[in-house]
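Quick notes on the structure that follows.
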Amino acid sequence: MTETLPQQYTTDLPAAWTPAEVEQGMYQRWVDNGYFTADASSDKPPFCIVLPPPNVTGSLHMGHALNHTVMDALTRRRRMQGYEALWLPGMDHAGIATQNVVERQLAGEGLSRHDLGRERFVERVWEWKAEYGGKILDQMRRLGDGIDWGRERFTMDPGLSRAVQTIFKKLFDDGLAYRAERITNWCPRCLTALSDIEVEHSEDEGELVSIRYGDGEASIVVATTRAETMLGDTAIAVHPEDERYRHLVGTEVELPLTGRRIPVVADEHVDPSFGTGAVKVTPAHDPNDFEIGQRHSLPSLTVMDERGVITANGPFQGLDRFEARPAVVAALRELGRIVAEKRPYLHSVGHCSRCDTVVEPRLSLQWFVKVAPLAQAAGDAVRDGRTTIHPPELAKRYFDWVDNLHDWCISRQLWWGHRIPIWYGPDGEVVCVGPDEQPPTGEGWHQDEDVLDTWFSSGLWPFSTLGWPDRTADLARFYPTSVLSTGYDILFFWVARMMMMGLYAMDGVPPFEHVYLHGLIRDASGKKMSKSRGNVIDPLAWLDAYGADAARFTLARGANPGSDMALAEEWAAGSRNFCTKLWNASRFALLNGATTARPVPAREQLTDADRWILDRAEQLVSEVDELFERFEFAKLCEALYHFTWDEYCDWYLELAKVQIAEGGERAEATRTVLGHVLDTVLRLLHPVIPFVTEQLWTALTGGETVVLAQWPTSTGVPTDTVAARRIESVQKLVTEVRRFRSDQGLKPGQRVAARLSGVDGADIAGHLGAVRSLARLTEPEDSFTASASLEVALAGGLVLVELDTSGTIDVVAERRRLAKDLSAAEKELAQCDGKLNNPAFVDKAPAQVVDKIKVRREAAVADIARITARLDALPEG
RNA sequence: GGACGCAUAGCUCAGCGGGAGAGCAUCCGCCUUACAAGCGGAGGGUCGCAGGUUCGAACCCUGCUGCGUCCA
1 MTETLPQQYT TDLPAAWTPA EVEQGMYQRW VDNGYFTADA SSDKPPFCIV LPPPNVTGSL
61 HMGHALNHTV MDALTRRRRM QGYEALWLPG MDHAGIATQN VVERQLAGEG LSRHDLGRER
121 FVERVWEWKA EYGGKILDQM RRLGDGIDWG RERFTMDPGL SRAVQTIFKK LFDDGLAYRA
181 ERITNWCPRC LTALSDIEVE HSEDEGELVS IRYGDGEASI VVATTRAETM LGDTAIAVHP
241 EDERYRHLVG TEVELPLTGR RIPVVADEHV DPSFGTGAVK VTPAHDPNDF EIGQRHSLPS
301 LTVMDERGVI TANGPFQGLD RFEARPAVVA ALRELGRIVA EKRPYLHSVG HCSRCDTVVE
361 PRLSLQWFVK VAPLAQAAGD AVRDGRTTIH PPELAKRYFD WVDNLHDWCI SRQLWWGHRI
421 PIWYGPDGEV VCVGPDEQPP TGEGWHQDED VLDTWFSSGL WPFSTLGWPD RTADLARFYP
481 TSVLSTGYDI LFFWVARMMM MGLYAMDGVP PFEHVYLHGL IRDASGKKMS KSRGNVIDPL
541 AWLDAYGADA ARFTLARGAN PGSDMALAEE WAAGSRNFCT KLWNASRFAL LNGATTARPV
601 PAREQLTDAD RWILDRAEQL VSEVDELFER FEFAKLCEAL YHFTWDEYCD WYLELAKVQI
661 AEGGERAEAT RTVLGHVLDT VLRLLHPVIP FVTEQLWTAL TGGETVVLAQ WPTSTGVPTD
721 TVAARRIESV QKLVTEVRRF RSDQGLKPGQ RVAARLSGVD GADIAGHLGA VRSLARLTEP
781 EDSFTASASL EVALAGGLVL VELDTSGTID VVAERRRLAK DLSAAEKELA QCDGKLNNPA
841 FVDKAPAQVV DKIKVRREAA VADIARITAR LDALPEG
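Quick note: the first sequence uses full-length UniProt numbering, first residue 1, plus one each step.
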């Protein structure tokens with residue numbers, strides 16, 4: 001057979017894989033050729049992932065890199081499986097973050113947003129976006145994201161803004177969006193309300209001050225960590241059953257420093273066992289106090305402005321809240337009102353998740369979404385299995401949240417965002433304006449000043465990006481989406497809200513079939529990465545140093561469901577080594593004429609090694625498939641790594657060398673097996689490491705691209721167990737000889753004459769050439785004198801290997817080697833006897849387990865006898 | 001304060017009822033004609049502690065300790 005091998009490809013393959021030189025051009029070719037462009041009109045089954053939109057201000061961090069690797073792998077595999085695969089990109093407008101960035105820029109020019117005015121400021125933000133926004137999109141290209149760039153979306157785009165307005169109107173009309181005066185989480189720095197989950201609690205050091213209110217008989221001690229709020233107290237509350245204070249309920253006591261008299265009220269929500277059992281009530285500055293105030297019709301006295309500066313008349317007016325606190329305490333101390341002070345006092349303090357400023361509960365008029373009915377539906381969709389959460393342990397957390405949800409504060413006192421489509425009339429009219437409606441005009445009409453929470457528009461992402469509210473082809477084709485992949489840290493912020501909004505907007509159809517939640521990235525010692533710790537690893541540094549494939553493989557390989565991932569530079573280097581290994585193995589295969597141009601010959605024309613590696617590849621396909629379906633990225637990477645390195649490279653390539661050396665039909669058959677197995681591996685690896693596999697696969701097959709290659713499927717050929725057993729025997733024999741050689745200090749390259757007996761019984765007579773090649777043994781010649789020997793127990797029987805080491809052997813080393821084997825066998829025997837001598841075990845354990853132990857025992861006994869005999873035969877060392 | 005998760009080799013993690021595993025790190029020997037980003041070999045663990053269930057527990061149950069996360 002002298003047919004043409006695809007030589008043009010083999011010679012094209014450089015000696016080394018140089019990702020930096022190849023990746024960008026390769027990526028651009030993929031995009032230009034439209035491989036990632038989804039066709040809504042095809043008749044393929046749909047597969048769709050919407051990208052969790054990164055902030056327009058953001059840049060790529062490891063968490064993104066992980067999530068993108070996952071999404072890309074899922075999408076690429078489906079594409080290869082023949083799905084119409086759409087991975088839809090975009091960004092969100094990040095209200096507070098973006099406004100902050102542009103305000104900082106303005107501050108550099110000595111301006112505030114108020115100097116520009118709302119309209120000009122918003123223009124300015126758009127200008128900023130055009131110039132600096134979306135850096136992350138370019139970084140995504142470097143990662144190799146197989147994304148449909150033609151469908152890129154932005155939450156502030158006209159289409160998505162229209163979706164926001166439409167859904168707001170629907171919520172308003174259904175009575176699910178309402179305006180109310182409530183205590184909300186307020187950031188005195190960002191000057192806006194926040195939703196509950198945008199507040200992060202931490203245990204901070206503060207002070208607990210006990211203050212005596214009233215005098216003499218009518219005095220009550222209350223404790224507080226926020227002394228300055230006492231200026232706004234309008235009552236003291238005690239538990240109605242509390243005997244200590246029963247006589248005071250209904251009376252009034254003097255509020256120090258203010259001269260005001262405030263009532264003592266009885267409220268069941270007061271915990272009589274905490275502190276003195278009496279609490280001060282500041283309805284305008286505390287959510288619990290607000291509730292008490294409502295129940296007892298107490299006035300709400302606001303004593304701070306939006307920046308946290310005291311407004312109450314008196315000596316504290318104009319002080320910041322943190323200056324006012326010690327000042328108030330000092331003044332109270334002077335009056336002899338301080339009963340106790342505990343400092344430092346650890347307690348939970350809320351911080352703005354954006355800027356870390358201590359959140360100030362503030363009474364204000366805000367818009368809310370009534371979430372109860374939406375949350376119920378969102379919970380049910382998961383409960384009844386229409387949407388599956390992976391890993392399932394996280395579903396419980398999801399339920400806990402959606403089942404105990406407070407109404408969602410959606411208005412933000414910002415300028416950058418979707419302005420609330422509510423117009424107020426001169427006579428108190430409130431009109432909600434839909435997307436195709438004209439807002440009312442005329443004297444006294446004005447639009448609500450606030451914008452909507454960014455998460456409100458993000459919540460619409462799975463359908464707004466597909467064209468909703470229009471009934472587009474994309475929407476019909478790709479909704480509900482297949483998988484939503486994101487970190488579990490935004491399960492509530494985003495996933496739960498998309499579930500609520502999707503079910504609400506799309507007639508009860510949930511937005512995803514599967515929700516995959518990956519873990520968080522940590523440093524090598526398991527600590528959270530943060531700028532302050534200085535342990536952040538920049539993914540771009542990895543892309544530069546090791547290539548995109550290595551970075552991706554590292555992340556995918558660490559992605560065990562439900563657990564966080566520790567990362568270190570060595571991990572990436574290891575992945576780079578794997579890519580190099582794959583490269584070199586492919587180069588070897590190609591240099592030796594590996595090909596997919598011919599089909600693999602019929603089984604009976606193949607060797608045990610061929611059949612074994614083909615069967616293993618077959619098993620690998622099913623294993624990888626199953627692991628993909630279960631989102632087990634770490635395990636599927638491990639399986640691919642192990643097969644490629646430990647089986648294909650370490651054994652089959654070595655065995656193939658022997659077969660190719662035979663020449664003729666054997667060599668030709670080997671070339672097709674080499675080629676087909678490599679082809680399978682490259683296709684299986686492509687979703688995770690797209691670049692190197694593309695170059696190798698096109699070189700191997702001459703095909704246009706592996707991006708569109710067909711995903712491997714099982715052929716259904718049954719495993720050849722005889723071939724597998726023989727190869728395992730060869731592996732064991734070779735390994736034992738190598739071990740002997742190493743123990744005896746024989747150089748790896750040194751060829752040693754050897755005589756093998758018992759190979760027929762062990763059923764490996766056909767593999768002597770391979771054994772000799774892999775163990776570096778040569779045929780015994782006439783002068784052969786066995787100076788050393790070892791026995792290897794194989795599945796079929798014992799093999800004796802006699803070696804001519806042309807000299808003496810290291811008796812001490814050999815004795816040590818045998819002693820070790822003996823000790824292992826004795827331990828095995830003891831273990832087996834321990835079980836078999838236990839009547840309860842023999843009686844109750846399943847027969848197959850008992851039989852297995854018996855077989856193991858027999859083997860151990862035989863080993864002991866054999867090794868003991870050899871030790872006895874050994875000369876004194 | 002409530003809930004959950006995790007404790008397995010030096011490090012990071014698999015395994016979750018019947019012979020303790022991987023990657024990295026370590027030690028020894030090698031530039032053996034694809035690969036020193038490599039090859040061959042080796043060492044290393046009372047599977048957090050204490051009970052219990054079971055013929056049998058790293059694995060199931062209870063308690064404890066330590067660490068972490070989420071919610072208040």
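The beta-carbon is built from N, C-alpha and C at its ideal position, and this holds for glycine as well.
Among the options, nearest to residue i - alpha-carbon criterion
| i | options | result |
| --- | --- | --- |
| Arg343 | Leu208, Ser773 and Arg815 | Leu208 |
| Leu800 | Ala762, Trp401, Glu814 and Gly508 | Ala762 |
| Pro391 | Thr719, Tyr488 and Ala331 | Tyr488 |
| Phe633 | Gly558, Gly574 and Trp612 | Gly558 |
| Arg834 | Ser482, Arg856 and Asp403 | Checking the displayed sequence, the identity of residue 834 turns out to be Gly instead of Arg. Checking every option, the nearest Cα to that of Gly834 belongs to Arg856. |
| Gly214 | Ile853, Phe172, Thr258 and Glu393 | Thr258 |
| Gly134 | Arg153, Arg120, Gly146 and Arg118 | Arg153 |
| Val688 | Arg866, Val349, Met500 and Arg552 | Arg552 |
| Ala20 | Val658, Val707, Leu590 and Asp549 | Asp549 |
| Thr388 | Val483, Phe47 and Cys355 | Val483 |
| Glu268 | Ile292, Val600 and His247 | Ile292 |
| Thr715 | Phe691, Lys747, Val677 and Val730 | Val677 |
Inter-residue CB distance, residue i and residue j (contact presumed, cutoff 8 Å)
| i | j | result |
| --- | --- | --- |
| residue 878 | Lys732 | Residue 878 lies beyond the range of the chain shown here (1 to 877); nothing can be said about it. |
| Phe578 | Leu653 | With 8 Å as the limit, Phe578 and Leu653 do not qualify as a contact, their Cβ atoms being about 15 Å apart. |
| Leu363 | Ile310 | Contact flag wrong, Cβ pair sits at about 15 Å. |
| Arg162 | Pro469 | 7 Å |
| Met499 | Ala381 | 6 Å |
| Leu620 | Leu682 | Actually they do not touch by this definition, with Cβ atoms about 12 Å apart. |
| Asp138 | Val349 | With a Cβ gap of about 39 Å, Asp138 and Val349 do not count as contacting. |
| Leu460 | Gly467 | Contact doesn't hold; Cβ gap of about 12 Å is too wide. |
Beta-carbon spacing of residue i, residue j below 8 Å
| i | j | result |
| --- | --- | --- |
| Ala754 | Leu774 | no |
| Glu103 | Arg113 | yes |
| Gly480 | Glu513 | Sequence check: residue 480 is Pro here, not Gly. Cβ distance < 8 Å, so Pro480 and Glu513 count as in contact. |
| Cys187 | Val359 | yes |
| Leu803 | Ser783 | no |
| Leu88 | Val50 | yes |
| Leu696 | Ser586 | yes |
| Val451 | Trp416 | yes |
| Ile211 | Val221 | yes |
| Gly593 | Arg671 | yes |
| Leu567 | Ala524 | yes |
| Thr596 | Thr701 | yes |
| Thr705 | Tyr35 | yes |
| Ala85 | Ala38 | yes |
| Gln165 | Pro435 | yes |
| Thr868 | Leu822 | yes |
| Arg477 | Pro46 | yes |
Residues that DSSP places opposite residue i in a beta bridge
| i | result |
| --- | --- |
| Phe47 | Ala85 |
| Leu756 | Val801 |
| Leu111 | Answer is none; Leu111 lacks a bridge partner. |
| Tyr213 | Ile220 |
| Glu203 | Ser348 |
| Met500 | Looking at the DSSP assignment, Met500 forms no beta bridge with any residue, so it has no partner. |
| Ile422 | Cys432 |
| Arg412 | Val451 |
| Ser789 | Glu802 |
Where are the alpha helix (DSSP H) runs, 4 residues long or more, that stay fully inside the stretch 127–183, in chain order?
-> 135–143 and 158–173
Any chance you could list the alpha helix (DSSP H) runs of at least 4 consecutive residues sitting entirely within the stretch 16–74, in chain order?
-> 19–32
Complete runs of the beta strand (DSSP E) confined to the stretch 704–744 [at least 3 residues] | none
Residue ranges of each beta strand (DSSP E) run of no fewer than 3 residues wholly in the stretch 431–491, ordered along the chain?
-> 481–487
Identify every run of the alpha helix (DSSP H) within the stretch 338–398, keeping only runs that are complete inside it and at least 4 residues long; order them along the chain.
-> 372–383
Please list the segments of the beta strand (DSSP E) lying wholly inside the stretch 268–310, counting only runs of 3 or more residues, in order along the chain.
-> 278–281
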